[in-house]
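Chains as they are written, first to last, in my numbering: chain C, 281 to 582; chain R, 281 to 582.
For every residue, glycine included, the Cβ atom is placed at its ideal position computed from N, Cα and C.
Keep in mind that this is a model prediction, so the values were computed, not measured.
Since the structure comes first, as structure tokens, the remarks are kept for the end.
Number of protein chains: 2
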Amino acid sequence: MQSFSVAVIGLGAMGLGIARSSLRAGLGTTGCDLREEALEALAADGGRSCRSPAETATGCDALAIVVVNAAQTESVLFGPDGAASALRKGAVVLGCATVPPAFARDIGQRLTKLGLLYLDAPISGGAVKAAAGELSVMASGSSEAFTAARPLLDAIAATVHELGTEPGQGSTMKMVNQCLAGVHIAAAMEALALGIRSGLNANRVFDVITHSAGNSWMFENRVPHVLNADYAPRSAIDIFVKDLGIVLDAGHGSDFPLPITAAAHQQFLAAAGMGLGREDDAAVVKVYQTLGGITLPGDDGE
Amino acid sequence: MQSFSVAVIGLGAMGLGIARSSLRAGLGTTGCDLREEALEALAADGGRSCRSPAETATGCDALAIVVVNAAQTESVLFGPDGAASALRKGAVVLGCATVPPAFARDIGQRLTKLGLLYLDAPISGGAVKAAAGELSVMASGSSEAFTAARPLLDAIAATVHELGTEPGQGSTMKMVNQCLAGVHIAAAMEALALGIRSGLNANRVFDVITHSAGNSWMFENRVPHVLNADYAPRSAIDIFVKDLGIVLDAGHGSDFPLPITAAAHQQFLAAAGMGLGREDDAAVVKVYQTLGGITLPGDDGE
């Protein structure tokens, strides 16, 4: 196991946590990111760093791609200095970004032709669980790919949902999860804003709803951001602009109507249009504030 | 305490549970319902039964109105043989139906003029918790009303959220809860249906999502109805046609846009339009089945 080596491309909150969990498990770990401070953070924990995907991937047993979207995943693998041609035969690639299921299927086919293994492996759990090595992974791929990825999966995940033998099934489940997560965030803000507009105290709404049938994981997690007037991005508005877009494209591609997802997507788009794309996704509440004229926690102090 | 007497009008799943919890707490309990079998069920547990609201209310200390909507609440109190004129001065009325906050305020004012106390007291928790005396009550009203209702509240509730001194505040919080509950049911069915359409196994979707950030109380509670192909109504489609209508009317009344709630309401309306109004609210999944062409659990056996 000591000879198992991992490459992580993309050292944001999730990727850095994955790289650190890999190091903590005793795996040789190399990271790659455009931002100097991310490379320094990894070096401080004993990781190596490289500047190009190709250099990073050279000689590794498992490559985790922890970037934002399909375009970046494509570029990391097949762009200039891409990783795909630098990987040794039989190495396994974990695609961790939230991407369209069809894209995951395509990547799997292209890597297979190069003699590489592919695990469609989107992740869930947030930065805290990434740092703790306790992510959930919604994974699909061949048994060979699962076997090759096992040391890395053991290092980074509390739960690996094995969803099938074909790339795309992991991304499909992640898409269903993001559909619900995005709708629940926007619905939480819509309902909270209505409560405030109707005269309720926002803290009381949180207390009561989190103990009632209206509760959701996202309501409980995101409403405190509003109560604390803290919109520093743990996950940004732009992420759900993208992810609900993936959901709606999938629905469009199979003539499947998704009216509630579409309504929620419009609210994230409105937030992005207001210039809030880089704020925490809880900032979708500001759309309701702007259109409905409510006072939010923190407004008095501004 | 032995001399405290309770009247319960409306002996559906919730009202019968309330009446039985009242009996179990040693309170003299009289019930009223149009259905003979409901009266017999109460009598079997030692409760008295009456045929008219006026007769039921005569001499009681606390009257719980556990009917479906505002129109029934109005009729019980102020219709022919209504309860309001039969109650002794100082008795307390608990309005437990989900009603518009403005209606709750109006009822409170009318009862006050008659020398009666009013607690705006919508309930949450479902039939099982009603039977166990463990409801959540979202209550507002004068301290005198809370004090007068205390023996009954102690008998029926695990939690009493005291939300203010004015009728309407309880119903406003219930409205916020129903907004989320309704959106979450429809979103659960939209996401589950998308997963099935995209090739996922419905049981796997349930397993993964209930352990992920996309989870909600309603997803966890209602999706099993679909997995078991069991649409016997615990709570019917028609309830959310009504309750999300109340939410949207409140938004309309204060120029407050609620696009996600509106989208969810349309899906419940579509289900009602398909003739499913009396089925369990999880049957909103059949709208997606009809429009999107998916196979649901139980379809093979039909």
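Below 8 Å on C-beta distance, what does residue i contact in chain R?
| i | result |
| --- | --- |
| P539 of chain C | E470, A543, Q546 and Q547 |
| H464 of chain C | H464, A467, G494 and S496 |
| P381 of chain C | S478 |
Which stretch, first to last residue, makes up the beta strand (DSSP E) that contains residue i?
| i | result |
| --- | --- |
| S451 of chain C | Not the beta strand (DSSP E): S451 of chain C falls in the alpha helix (DSSP H), residues Q449 to R477. |
| D325 of chain C | Here D325 of chain C belongs to no beta strand (DSSP E), and DSSP marks it neither H nor E. |
| A342 of chain C | A342 to I345 |
| S422 of chain R | From DSSP, S422 of chain R is part of no beta strand (DSSP E); its letter is neither H nor E. |
| A438 of chain R | A437 to E442 |
| S355 of chain R | From DSSP, S355 of chain R is part of no beta strand (DSSP E) but of the alpha helix (DSSP H) over A350 to F358. |
| V373 of chain C | V372 to G375 |
| V286 of chain C | S285 to I289 |
| L314 of chain R | Unbroken run through L314 of chain R: none, as it is neither H nor E. |
Name the chain R residues that come within less than 7 Å of residue i, Cβ to Cβ?
| i | result |
| --- | --- |
| S492 of chain C | S404, S416 and N457 |
| H441 of chain C | V488 |
| R477 of chain C | S534 and F536 |
| G572 of chain C | F536 and P537 |
Could you give the residue range of the alpha helix (DSSP H) that holds residue i?
| i | result |
| --- | --- |
| E335 of chain C | P333 to A337 |
| D386 of chain R | P381 to K393 |
| S302 of chain R | A293 to R304 |
| I574 of chain C | Counting along the chain, I574 of chain C falls outside any alpha helix (DSSP H), and DSSP gives it neither H nor E. |
| D487 of chain R | A482 to I489 |
| T230 of chain C | Look at the range of chain C in this structure, 281 to 582, and you will see that residue 230 of chain C is not part of it. |
| D400 of chain R | No alpha helix (DSSP H) contains D400 of chain R, which is instead part of the beta strand (DSSP E) from L397 to D400. |
| D523 of chain R | I517 to G533 |
Would you decide whether residue i is buried or exposed? Buried here means 16 or more other CB atoms lie within 10 Å of its CB.
| i | result |
| --- | --- |
| G531 of chain C | buried |
| E317 of chain R | exposed |
| S301 of chain R | buried |
| L433 of chain C | buried |
| E424 of chain R | exposed |
| A378 of chain R | Ala is not the amino acid found at residue 378 of chain R; the sequence shown has Thr there. The residue is buried, with at least 16 neighbouring Cβ atoms inside 10 Å. |
| R315 of chain C | exposed |
| G370 of chain C | exposed |
| Q389 of chain R | exposed |
| K393 of chain C | exposed |
| R502 of chain R | buried |
| V408 of chain C | exposed |
| T445 of chain R | exposed |
| G326 of chain C | exposed |
| T427 of chain C | exposed |
| S329 of chain R | buried |
| N508 of chain R | exposed |
| P360 of chain R | exposed |
| R331 of chain C | exposed |
| E559 of chain R | buried |
| D313 of chain R | buried |
| S496 of chain R | buried |
| S365 of chain R | exposed |
| T452 of chain C | buried |
Please report the Cβ distance between residue i and residue j, rounded to the nearest whole angstrom; I am assuming they are in contact, meaning their Cβ atoms lie under 8 Å.
| i | j | result |
| --- | --- | --- |
| G337 of chain C | L343 of chain C | First, the residue type needs correcting, since residue 337 of chain C is Ala and not Gly in the sequence shown. The Cβ separation is near 5 Å, so the contact holds. |
| V565 of chain C | A550 of chain C | In fact, because the Cβ distance is near 11 Å, the residues do not count as touching under 8 Å. |
| A543 of chain R | I540 of chain C | 5 Å |
| G557 of chain C | A516 of chain C | 7 Å |
| A494 of chain R | N457 of chain C | One detail in the question is off: residue 494 of chain R reads as Gly in this sequence, not Ala. 4 Å between Cβ atoms; contact. |
| L374 of chain R | L391 of chain R | No, L374 of chain R and L391 of chain R are not in contact; Cβ-Cβ is about 11 Å, not under 8 Å. |
| A471 of chain C | V506 of chain C | So it is not a contact: roughly 12 Å between Cβ atoms. |
| I403 of chain R | M498 of chain R | Their Cβ separation, rounded to whole angstroms, is 17 Å, which puts I403 of chain R and M498 of chain R out of contact at 8 Å. |
| L296 of chain C | A321 of chain C | 6 Å |
| P380 of chain R | A350 of chain R | 6 Å |
Which residues in chain C have a C-beta closer than 8 Å to the C-beta of residue i? List them in chain order.
| i | result |
| --- | --- |
| A377 of chain R | Correct list: empty, because the minimum Cβ distance to chain C is about 16 Å. |
| V485 of chain R | M453 and V456 |
| A530 of chain R | L474 and S478 |
Show which residues of chain C have a CB atom less than 7 Å away from the CB atom of residue i.
| i | result |
| --- | --- |
| M554 of chain R | Chain C residues near M554 of chain R: none, gap ~15 Å exceeds 7 Å. |
| P513 of chain R | In chain order: nothing, as chain C lies at least about 16 Å away. |
| A461 of chain R | A493 and G494 |
| F426 of chain R | Residues of chain C passing the Cβ test: none, with the nearest at roughly 16 Å. |
For residue i, go through chain C and note every residue whose CB falls closer than 9 Å to its CB, in chain order.
| i | result |
| --- | --- |
| L343 of chain R | Simply none; closest approach about 25 Å. |
| F520 of chain R | Ordered by position in chain C, no residue passes the 9 Å Cβ test against F520 of chain R, which lies about 12 Å from the chain. |
Applying a beta-carbon distance threshold of less than 9 Å, which residues of chain R neighbour residue i?
| i | result |
| --- | --- |
| F284 of chain C | Those within 9 Å of F284 of chain C in chain R number zero; the least Cβ separation is about 27 Å. |
| F358 of chain C | In chain order: nothing, as chain R lies at least about 25 Å away. |
Q) How do the segment 282-289 of chain C and the segment 341-357 of chain C stand: do at least 3 beta-carbon pairs fall below 8 Å, yes or no? A) yes
(Q) Using a Cβ distance threshold of 8 Å, determine whether the segment 473-483 of chain R contacts the segment 474-484 of chain C, with at least three qualifying pairs required. (A) no
**Q.** the segment 513-529 of chain C / the segment 513-523 of chain R touching (three or more Cβ pairs under 8 Å)
**A.** no
Q: For the segment 488-495 of chain C and the segment 406-419 of chain C, state whether three or more C-beta atom pairs, one from each stretch, are separated by less than 8 Å.
A: no
Q: Please determine if the segment 354-369 of chain R and the segment 440-449 of chain R are in contact, where contact requires at least 3 C-beta pairs separated by less than 8 Å.
A: no
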